[in-house]
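Scroll down for the structure; my scribbles are underneath it.
Residue numbers (the numbering used here): 587 to 817.
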């Protein structure tokens with residue numbers, strides 16, 4: 587990731603790698619664990635319950651190691667804890683699958699809800715990926731750059747709507763299709779939608795850099811009293 591001086595730095599790279607790893611774990615590992623357990627003769631209900639605990643355990647370990655949790659991480663840990671508890675209270679695999687998709691939709695609503703707060707989710711997420719110096723510069727830029735605020739607000743709306751759509755579609759899949767097929771189909775759908783959102787995010791970030799001479803993520807925005815095109 588670019589550092590404030592425009593060069594590629596080393597301090598922010600681990601943060602991006604950690605974010606990518608977290609997404610991979612949340613998206614790919616639970617269905618893999620589910621199908622491995624099913625191949626060993628574990629019941630659908632228990633396999634779903636155990637596979638759903640994987641992201642929660644990882645997030646809890648990460649939070650304990652780093653000794654800090656941002657708002658979204660706290661929300662997701664809480665949601666995953668609710669998932670595990672409620673899974674133990676029901677013996678229906680289909681109920682678990684519908685509930686999982688419902689939690690995804692709830693996450694989308696939470697992201698959209700941050701539009702009503704002082705700083706939307708896209709800003710908060712970016713700060714958690716950056717090193718201290720770049721994060722501090724981006725924090726300062728937030729207060730003086732209307733373009734930065736507008737861009738990150740729009741990205742938050744995009745991410746929230748995409749997550750809400752993913753959750754709603756996942757509920758339909760969980761209700762209508764065979765239980766055994768749902769984990770793989772919902773993960774494939776989620777990854778396809780995530781890929782589309784990431785491409786849109788990259789396109790938006792590049793367009794803002796060209797138009798306003800600032801970066802939505804990573805490098806320090808170029809603040810010169812008023813925003814304009816880069817020379």
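C-beta: ideal position from N, C-alpha, C; glycine also.
- As the crow flies, the alpha-carbon of residue 639 is around 43 Å from that of residue 796.
- The beta carbons of residue 768 and residue 683 sit about 5 Å from each other, so the pair counts as a contact at 8 Å.
- In this structure, 777 is the residue among 782, 777, 783, 802 with its C-alpha nearest to the C-alpha of residue 614.
- Per DSSP, reduced to three states, the secondary structure at residue 777 is helical.
- Beta-carbon to beta-carbon, residue 731 and residue 800 are separated by about 6 Å, close enough to satisfy the 8 Å threshold.
- Residues 663 of the same chain have their beta carbon placed closer than 8 Å to that of residue 646, with the five preceding and five following residues left out of the count.
- Less than 7 Å separates the beta-carbon of residue 756 from that of residue 690.
- At the C-beta level, residue 802 and residue 791 come within 7 Å of one another.
- Per DSSP, residue 764 lies in no alpha helix (DSSP H) segment and is marked neither H nor E.
- DSSP places residue 716 in the coil class of the three-state scheme, outside both helix and strand.
- When secondary structure is reduced to three states using DSSP, residue 626 falls in the coil class, being assigned neither helix nor strand.
- Linking residue 669 to residue 702 through their CA atoms gives a straight-line distance of about 26 Å.
- If you check the CB distance, residue 708 and residue 798 do not come in under 7 Å.
- With respect to the 7 Å criterion, residue 667 and residue 753 are not classified as neighbours on the basis of their beta carbons.
- From the listed residues 665, 633, 745, 642, the smallest Cα separation to residue 694 is found for 745.
- With respect to residue 624, residue 633 sits close: the two C-beta atoms are nearer than 7 Å.
- Across the structure, residue 784 and residue 749 are spaced so that their CA atoms are roughly 12 Å apart.
- The straight-line gap separating the alpha-carbon atoms of residue 705 and residue 787 is approximately 18 Å.
- Sequence-distant Cβ neighbours of residue 712 in its own chain, meaning closer than 6 Å and more than five residues away, are 803.
- The beta carbon of residue 616 sits closer than 8 Å to those of 637, 638, 640, 641, 769, 773, all from its chain and outside the five residues before and after it, given in chain order.
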